[in-house]
Amino acid sequence: MYLTSGTLVPYLIDRSILSAAELLDDDITILEAGRRNRNFKVARRDGSGIFVKQVPLMAAETTQSVKREAALYALVENNDAADSLKSLMPKLRHYDKHRHLLAVELIPNSRSLTFYQMQVAGVAGAMEDIAAQLGRLLSCFHKQLPDILAEPSRQGTFPAQPPWILNFSRYGETMMPNMSGGAKAVLAALRQQPGLKEQLSLLQSEWSRTCLIHGDMKWENLLISQDQNAAAKLQLIDWELADLGDAAWDVACVLASFMQPVIVGRFDMQGRPIGPATADEVSRAQACCRTFWQTYMKELALTVEQQAQAKHRCVRFAAARLVLTAYEIAQSTAEISPSALLAIQTASSIFNDPGNAAETLFGLERTGA
Numbered sequence: 001m002y003l004t005s006g007t008l009v010p011y012l013i014d015r016s017i018l019s020a021a022e023l024l025d026d027d028i029t030i031l032e033a034g035r036r037n038r039n040f041k042v043a044r045r046d047g048s049g050i051f052v053k054q055v056p057l058m059a060a061e062t063t064q065s066v067k068r069e070a071a072l073y074a075l076v077e078n079n080d081a082a083d084s085l086k087s088l089m090p091k092l093r094h095y096d097k098h099r100h101l102l103a104v105e106l107i108p109n110s111r112s113l114t115f116y117q118m119q120v121a122g123v124a125g126a127m128e129d130i131a132a133q134l135g136r137l138l139s140c141f142h143k144q145l146p147d148i149l150a151e152p153s154r155q156g157t158f159p160a161q162p163p164w165i166l167n168f169s170r171y172g173e174t175m176m177p178n179m180s181g182g183a184k185a186v187l188a189a190l191r192q193q194p195g196l197k198e199q200l201s202l203l204q205s206e207w208s209r210t211c212l213i214h215g216d217m218k219w220e221n222l223l224i225s226q227d228q229n230a231a232a233k234l235q236l237i238d239w240e241l242a243d244l245g246d247a248a249w250d251v252a253c254v255l256a257s258f259m260q261p262v263i264v265g266r267f268d269m270q271g272r273p274i275g276p277a278t279a280d281e282v283s284r285a286q287a288c289c290r291t292f293w294q295t296y297m298k299e300l301a302l303t304v305e306q307q308a309q310a311k312h313r314c315v316r317f318a319a320a321r322l323v324l325t326a327y328e329i330a331q332s333t334a335e336i337s338p339s340a341l342l343a344i345q346t347a348s349s350i351f352n353d354p355g356n357a358a359e360t361l362f363g364l365e366r367t368g369a
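At position 314 of the sequence shown the residue is numbered 314 (the UniProt record's numbering), and the sequence of numbers has no breaks.
Next up, the structure:
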């Protein structure tokens with residue numbers, strides 16, 4: 001049985017997640033926050049509260065994703081070896097495997113990085129500070145030894161699978177039998193780009209399973225709040241695709257996210273196009289990529305040779321992430337848009353010359369970091 005806004009509070013009180021006193025004091029507000037799942041925010045006046053996620057469909061992939069997220073939170077909470085990860089993610093309060101329901105603590109007074117980036121667009125250095133935090137954040141969980149995921153992986157909780165987009169150009173019709181016209185056009189465009197299908201297959205063959213990855217690094221999954229010194233603090237939510245996997249994918253997703261407005265154009269909060277990026281915006285996006293990359297490399301203490309190898313892989317995975325961006329843009333449209341085509345063309349260009357793309361598109365230095 002699905003919980004509604006009317007049945008949610010009694011459910012949480014029965015499980016001691018909320019108190020009856022809070023309800024009597026009129027201290028809580030319930031907001032529906034649905035995206036793919038049936039989500040609720042149960043917020044207190046001080047900004048704290050509970051975020052409740054409940055999958056609306058009993059499809060295997062949706063119920064498994066919530067199970068995977070809950071399993072990761074529980075592992076981090078109960079494993080001393082994962083102490084460094086606790087501050088990076090919400091705290092698990094409850095998991096109901098029968099209702100496929102997950103409850104975590106709200107991050108008080110937070111906003112998504114998407115919204116924050118728009119707010120600080122005119123503030124010099126604001127996003128570079130976030131880029132440095134991202135470098136430290138990713139390095140923290142990428143340095144996490146895979147041991148804590150080993151047993152859950154054997155049990156099937158963490159499937160250790162590469163991103164589905166690496167297979168899309170070969171098996172798109174089987175994977176997505178009910179694609180929109182726009183998505184079908186993306187698939188056709190992928191197959192028309194010389195060598196693109198082969199490059200994606202090559203990435204799949206290179207996929208390693210060496211560390212904890214988030215699997216879905218994008219601005220909507222990064223929340224900004226203020227620490228005790230009123231400085232911006234970054235935390236990562238929606239660990240539904242967490243896995244034992246390849247760190248290059250998470251890094252690539254961050255690089256692609258910084259450059260996405262440059263590549264496909266800018267959009268407002270309602271998704272309406274607001275034109276191409278300016279030269280200054282391109283320069284600032286590249287500065288963010290550079291700061292993120294340098295911080296991440298420094299935290300991992302890689303040699304110059306290792307950095308060069310990592311850069312080559314991450315840039316190519318960023319091309320794959322742009323293919324996924326093209327699909328995301330087109331998945332609900334009848335026809336392919338110019339933005340989706342630009343993403344595919346840019347991905348093809350990156351694959352053709354990763355070294356040049358690292359320098360001229362992402363702004364990464366030719367040698368060293």
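Glycine residues also receive a C-beta, built at the ideal position from the N, C-alpha and C atoms. Computed from a prediction, not measured in an experiment: that's the story for all the values here.
Quiz item: Measuring CA to CA, which of 264, 360 and 338 is closest to residue 289?
Solution: 360
Practice problem: Sort out for me which residues DSSP pairs residue 98 with in a bridge. | Solution: For residue 98, which the question treats as bridged, DSSP gives no partner whatsoever.
Quiz item: Which residues in the same chain as residue 286 place their Cβ atom closer than 7 Å to its Cβ, once the five residues preceding and following it in sequence are excluded?
Solution: 362 and 363
Practice problem: Return the residue from the list 224, 334 and 344 that minimises the CA-CA distance to residue 120. | Solution: 224
Quiz item: With contact counted as at least three CB pairs below 8 Å, one residue from each stretch, are the segment 310 to 322 and the segment 174 to 191 in contact?
Solution: no
Self-check item: DSSP three-state assignment for residue 62, whether helix, strand or coil
Solution: helix
Exercise. Consult DSSP for residue 368 and reduce its assignment to one of helix, strand or coil.
Key: At residue 368, the pLDDT of 47 sits below 50, so the modelled position is not reliable; the number obtained from the coordinates is stated separately. Note: residue 368 maps to coil in three-state DSSP.
Self-check item: CA-to-CA distance, residue 22 to residue 279, given in whole angstroms
Solution: 52 Å
Practice problem: May I ask you to list the residues that DSSP assigns as paired with residue 30? | Solution: 42
Quiz item: By DSSP, does residue 224 sit in helix, in strand, or in coil?
Solution: strand
Quiz prompt | Of the residues 234, 282 and 239, the one placed nearest residue 62, counting alpha carbons only | solution = 239
Quiz prompt | From 139, 214, 17 and 52, residue whose alpha carbon lies closest to that of residue 2 | solution = 52
Exercise. State yes or no: is the C-beta of residue 88 within less than 9 Å of the C-beta of residue 104?
Key: no
Quiz item: With a cut-off of 8 Å, do at least 3 Cβ pairs link the segment 67 to 82 to the segment 191 to 210?
Solution: no
Quiz item: Rounded to a whole number of angstroms, what is the C-alpha to C-alpha distance between residue 209 and residue 246?
Solution: 5 Å
Exercise. Using alpha carbons as the reference points, say which of 234, 243, 117 and 335 lies closest to residue 134.
Key: 234
Practice problem: Using three-state DSSP, classify residue 286 as helix, strand or coil. | Solution: helix
Self-check item: Euclidean distance between Cα positions of residue 114 and residue 326
Solution: 18 Å
Quiz prompt | Residues near residue 33 in its chain [Cβ-Cβ closer than 6 Å; skip 5 each side] | solution = 39 and 41
Exercise. Could you tell me the boundaries of the alpha helix (DSSP H) in which residue 250 lies?
Key: 247 to 264
Quiz item: In this structure, what does DSSP give as the bridge partners for residue 53?
Solution: 39 and 102
Exercise. With DSSP collapsed to three states, give me the class of residue 277.
Key: coil
Quiz item: What are the boundary residues of the alpha helix (DSSP H) that includes residue 117?
Solution: 113 to 119
Quiz item: Can you tell me whether residue 304 is buried or exposed, with buried defined as 16 or more other CB within 10 angstroms of its CB?
Solution: exposed
Quiz item: Does DSSP put residue 155 in a helix, in a strand, or in coil?
Solution: coil
Quiz item: Exposed or buried, which one is residue 236 when buried takes at least 16 other CB atoms within 10 Å?
Solution: buried
Self-check item: Candidates 132, 366 and 216, of which the one nearest residue 307 by Cα
Solution: 366
Practice problem: Rounded to whole angstroms, what's the CA-CA distance from residue 201 to residue 167? Just pull it up for me. | Solution: 7 Å
Exercise. Might you give, ordered along the chain, the residues of its own chain that have their beta carbon closer than 7 Å to the beta carbon of residue 149, omitting 5 neighbours on each side?
Key: 158, 212 and 244
Practice problem: For residue 241, count neighbouring C-beta atoms within 10 Å of its own C-beta (all shown protein chains included) and say buried if the count is 16 or more, exposed if not. | Solution: buried
Self-check item: Contacts around residue 12, its chain only, beta-carbon distance under 6 Å, and the 5 residues preceding and following it disregarded
Solution: 18
Quiz item: Got a sec? Which residues, its chain only, sit under 7 Å from residue 160 by beta carbon, not counting five neighbours each side?
Solution: 153, 209, 243, 244 and 245
Practice problem: For the segment 172 to 199, list the alpha helix (DSSP H) runs that are entirely contained and at least 4 residues long, ordered along the chain. | Solution: 181 to 192
Quiz item: Whose C-beta lies closer than 8 Å to the C-beta of residue 75 among residues of the same chain, with five residues either side of it excluded?
Solution: 82, 148, 149 and 152
Practice problem: Under 8 Å by Cβ, that's how I've got residue 295 and residue 132 pegged, so tell me the actual separation to the nearest angstrom. | Solution: 5 Å
Quiz item: If you drop the 5 nearest sequence neighbours on each side, which residues of the same chain put their C-beta closer than 6 Å to that of residue 323?
Solution: 165 and 347
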